[in-house]
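To keep things clear, I will list the structure first and then write my remarks on it.
Chains as they are written, first to last, in the working numbering: chain A, 1 to 89; chain B, 1 to 691.
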């Protein structure tokens, strides 16, 4: 993820401010837990809101709250945006 | 570019397995035959509640992700068919990346051993969150099996001002859709009617417009499928109250707070245990009196002899001593079910994750840990959701340290010995016993992380469902289910062990001691002189002496005496030693063993026949001191919190780890831990003058 982290304008999901949204632009590949996260809606193009920071943190995606380890959230890069956590950007 | 036609992703696979063409022209089985119907859906979609509503059978409500680890089967009857309903684990996709997904995929493809492919699938979709649920729906529909969609929680959708176009949704998915509220039974008759009509007509799957095929799709397959789900969701539902979910957010601010959340968790568990003591006291007293009365009645009616002794001491004393704790078990599971159903237990897992990760346990271990408070056996089996072998092994090794329901009778009797008729202090001790089990499990996990099983645990991913009112019916069914298991256990293992123990405690018969003879002669002389009260008292003392002499010289007594030197530093006498040995097969047997070896109900016709608690409170050593003083009761409590003492758990650990190495290690470390902690407790209390 270190290379991807350098993509301009993108921040790690665990680093956005609580109450703010981000559009998923990149996520780790080949890891079972990341795939589970994707199947729960945290995948490319989805809008995700950080409800509560910390470790684990709480996300809202597609109207559902997820409790996610910060270590896992760090593998997701988002483009900060406005709005709520329903649907696609 | 993704394809925009029906994607028969698994079609070839199914055809290879079943030898048939999937879906097209598929017809229902003949009238009168049994249909196999699979129930599938996301976790927290209300799947198990629907299973209960359709079959009336008991199953735990899956409001906590991952609760339904194994498929469950129930039966129901339609007008022309008998239905065999498979309750499959809740899941988010059919990708097969974890054991649950693989299990469900295998079940739907007819790959499970001894089970054919389902004739029909009931796909549960949460009406309050179409988009999320449609992801799995798209994968299920692609299998080509006949599908009926049950659109659950339509009442909550209405409350949130979400307007779902049911007809449009049916048209988009190419299958019938029926709105239901599984919790209240709304829509269930219509769902049953739909099942009947679907199985009576040929089924031809309709292509899903816009769902990508992995062969044709570039980029992220999750994205393309969620895009489709979102488009369908937008076309089929409208509106969403801005207030939707705010209540859950507000509650979560408190219950998921790093410190407040943990405090709330401990407070909630304490409140549950306090309620268990207050509410259960009355029915427990009724049951206790009922068994005591039965013992007296049988003792009066039957002539003296081995049969009377077997029935009064072995059966009534042994089984009754355990069944008296049934109310506490019922109340515990009633409240656990309510907590699970509200959505709280997922928060408990969330707040506990920080702590668990520090000791090397994965977040997913919390689900088996909650189950372990019922029984370690299903808990160890449910560790299959943990993919990583190290994480799974550590979890399995420490799970028996969590206080299972079999320990409740032991805790209850020892707590009552420590603080009789003081429910607040009893609740504190009970909570302490549970907390010690949790602390020991976490501590041992930490030790394993730093020694024999080094490494980091897998990260947490858990859905935090919206809070909702729990289902009283589900809680009652769960309670009934657990009570049935407990009573069945009391009627089988505990009864068998009680009878064996009675035999060990009754044979070989020995001649009464000379002192008893002289006491009886003195009693006879007192009776002739008209002093009936003194005569009766002396006769009782003589009978007690005979019993103690017989037990001390019985097989059980000899075994107990032989191990007494090892147990004496823990404050245990040879009778408790017999109890510990006999309860190796099942922990709760210690209670029935104590009832047998301390002779509950043995006075037979005596109208003052004492209950187990009274007997243990009054049990004395040869030097006249109480056996169950504070130090011994506390030491025994600590021992039972930490000791393995369950043969069934050992057997299941062997099966899940594929050998005897780990179960033997588990038995060894737990026994040593229990012995050392009980030793320290007893010696410290004695040194402090607490007896």
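Glycine included, every Cβ here is placed at the ideal spot set by N, Cα and C.
Interface partners of residue 95(B) on chain A, CB under 8 Å: On the second chain, position 95 is the one that residue 95(B) refers to. Result: 35 and 39.
Between the CA atoms of residue 22(A) and residue 114(B) - distance to the nearest angstrom: Taking the second chain and counting its residues from 1, one reaches residue 114(B) at position 114. Taking the first chain and counting its residues from 1, one reaches residue 22(A) at position 22. Distance between the alpha carbons of residue 114(B) and residue 22(A): 48 Å.
Check whether the Cβ of residue 62(A) lies closer than 7 Å to any Cβ atom in chain B. Along the first chain, one-based indexing puts residue 62(A) at 62. For residue 62(A), the answer is yes, since a Cβ of chain B falls inside 7 Å of its Cβ.
If you check the beta carbons only, do residue 194(B) and residue 180(B) fall under 7 Å apart? On the second chain, residue 194(B) is found 194 positions in, with the first residue counted as 1. On the second chain, residue 180(B) is found 180 positions in, with the first residue counted as 1. Cβ distance not < 7 Å, so residue 194(B) and residue 180(B) don't count as in contact.
Tell me which residues of the segment 48 to 59 of chain A have at least one Cβ-Cβ distance to chain B shorter than 8 Å, keeping chain order. 51, 52, 54, 55, 56 and 58
Helix, strand or coil for residue 10(A)? Go by DSSP, reduced to three states. For this step, residue 10(A) is matched to residue 10 along the first chain. Coil.
Rank 37(B), 679(B) and 493(B) by C-alpha distance to the C-alpha of residue 123(B) and give the top, closest one. Taking the first residue of the second chain as position 1, residue 123(B) is located at position 123. Of the listed residues, the one whose Cα sits closest to residue 123(B) is 37(B).
Where residue 473(B) sits in the DSSP three-state scheme: Position 473 of the second chain, counted from the start, is the residue given in the question as residue 473(B). Looking at residue 473(B) - three-state DSSP - the assignment turns out to be helix.
Any idea what DSSP makes of residue 116(B), helix, strand or coil? Looking up residue 116(B) in the second chain gives position 116. Residue 116(B) falls in the coil class under three-state DSSP.
Could you list the residues in the segment 448 to 461 of chain B with a C-beta less than 7 Å from some C-beta on chain A, going in chain order? 458, 459, 460 and 461
N-terminal and C-terminal residue of the alpha helix (DSSP H) that residue 330(B) is part of: In the second chain, counting from the first residue as 1, residue 330(B) sits at position 330. Start and end: 326 to 342.
What residue from 619(B), 415(B) and 392(B) has the CA that sits closest to residue 454(B)'s CA? As a first step, residue 454(B) is located in the second chain; it is residue number 454 there, counting from the start. The shortest Cα separation from residue 454(B) among 619(B), 415(B) and 392(B) belongs to 392(B).
Which residues in the same chain have their Cβ closer than 6 Å to the Cβ of residue 475(B), if we skip the five residues on either side of it in sequence? To locate residue 475(B), count along the second chain from 1; it is residue 475. So the qualifying residues of the chain are 334, 337 and 338.
Output the distance between the C-alpha atoms of residue 11(A) and residue 44(B), rounded to the nearest integer angstrom. Looking up residue 11(A) in the first chain gives position 11. Looking up residue 44(B) in the second chain gives position 44. Going by the C-alpha atoms only, they are around 31 Å apart.
I'd like to know whether the C-beta of residue 689(B) is nearer than 7 Å to at least one C-beta of chain A. By one-based count along the second chain, residue 689(B) stands at place 689. Answer no: the Cβ-Cβ gap between residue 689(B) and chain A never drops below 7 Å.
For a contact defined as C-beta to C-beta under 8 Å, what are the partners of residue 98(B) on chain A? In the second chain, counting from the first residue as 1, residue 98(B) sits at position 98. The contacting residues are 32 and 36.
Consult DSSP for residue 52(A) and reduce its assignment to one of helix, strand or coil. Sequence index remark: in the first chain, residue 52(A) carries index 52 (1-based). In this structure, residue 52(A) counts as strand in the three-state DSSP scheme.
Inspect the beta-carbon positions of residue 619(B) and residue 627(B) and report whether they are closer than 7 Å. Taking the second chain and counting its residues from 1, one reaches residue 619(B) at position 619. Taking the second chain and counting its residues from 1, one reaches residue 627(B) at position 627. It is a contact, given that the beta carbons lie within the stated cut-off.
Status (buried if at least 16 other CB within 10 Å, exposed otherwise) for residue 48(B): Start at 1 with the first residue of the second chain, and residue 48(B) comes out as number 48. Its Cβ being crowded by 16 or more others within 10 Å, residue 48(B) is buried.
Residue 34(B) lies in the beta strand (DSSP E); which residues open and close that run? Taking the first residue of the second chain as position 1, residue 34(B) is located at position 34. First-last of the beta strand (DSSP E) with residue 34(B): 34 to 41.
Counting pairs of Cβ atoms below 8 Å between the segment 28 to 46 of chain A and the segment 454 to 473 of chain B, do you hit three or more? yes
One or two residues paired with residue 386(B) in a DSSP bridge: On the second chain, position 386 is the one that residue 386(B) refers to. Per DSSP, none; premise fails for residue 386(B).
Residue 78(A) touches chain B at which residues, Cβ-Cβ below 9 Å? Within the first chain, the letter at position 78 stands for residue 78(A). Per Cβ cutoff of 9 Å: no residues; residue 78(A) is ~14 Å from chain B at best.
Can you tell which of 69(A), 61(A) and 77(A) has its C-alpha closest to the C-alpha of residue 129(B)? Position 129 of the second chain, counted from the start, is the residue given in the question as residue 129(B). Closest option to residue 129(B), Cα to Cα, is 61(A).
Just to confirm before moving on: does the CB-CB distance between residue 131(B) and residue 233(B) stay below 7 Å? As a first step, residue 131(B) is located in the second chain; it is residue number 131 there, counting from the start. As a first step, residue 233(B) is located in the second chain; it is residue number 233 there, counting from the start. Yes. Within cutoff.
Which same chain residues, not among the five before or five after residue 414(B), have their C-beta less than 7 Å away from its C-beta? The count along the second chain starts at 1 and reaches residue 414(B) at position 414. Excluding positions up to five away in sequence, the list reads 633, 636 and 637.
Determine the direct distance from the alpha carbon of residue 575(B) to that of residue 516(B), and round the result to whole angstroms. For the purposes of this step, residue 516(B) is identified with residue 516 of the second chain, where counting begins at 1. For the purposes of this step, residue 575(B) is identified with residue 575 of the second chain, where counting begins at 1. Those two C-alpha atoms are separated by around 21 Å.
Just by C-beta distance, which residues in the segment 66 to 77 of chain A are closer than 7 Å to chain B? 66, 67, 68, 69, 71 and 72
Taking the alpha-carbon positions, what's the residue 254(B) to residue 444(B) distance? Locating residue 254(B) in the second chain gives position 254, where the first residue counts as 1. Locating residue 444(B) in the second chain gives position 444, where the first residue counts as 1. When rounded, the distance between both Cα atoms is 30 Å.
Does DSSP classify residue 491(B) as helix, strand or coil? Translated into the one-based positions of the second chain, residue 491(B) becomes position 491. Residue state, collapsed to three classes: helix.
I think residue 510(B) touches residue 542(B), with their Cβ atoms under 8 Å apart; what is that distance to the nearest whole Å? Locating residue 510(B) in the second chain gives position 510, where the first residue counts as 1. Locating residue 542(B) in the second chain gives position 542, where the first residue counts as 1. Incorrect: roughly 15 Å between the Cβ atoms, too far for contact.
Does DSSP classify residue 79(A) as helix, strand or coil? Against the first chain, residue 79(A) aligns to sequence position 79. Three-state DSSP puts residue 79(A) in a strand.
Taking a contact to mean a Cβ-Cβ separation below 7 Å, would you say residue 34(B) touches residue 84(B) in this structure? Here residue 34(B) refers to the residue found at position 34 when the second chain is read from its first residue. Here residue 84(B) refers to the residue found at position 84 when the second chain is read from its first residue. Closer than 7 Å, so yes.
Between the segment 135 to 150 of chain B and chain A, which residues of the former have CB atoms less than 8 Å from a CB of the latter, in chain order? 135
If we count the other Cβ atoms within 10 Å of its Cβ and call it buried at 16 or more, is residue 402(B) buried or exposed? Reading the second chain from its first residue, position 402 is the one you call residue 402(B). Answer is buried; the Cβ neighbour count reaches 16.
Might you give, ordered along the chain, the residues of its own chain that have their beta carbon closer than 7 Å to the beta carbon of residue 546(B), omitting 5 neighbours on each side? Taking the second chain and counting its residues from 1, the one referred to as residue 546(B) is at position 546. Cβ neighbours of residue 546(B) beyond the five flanking positions: 512 and 516.
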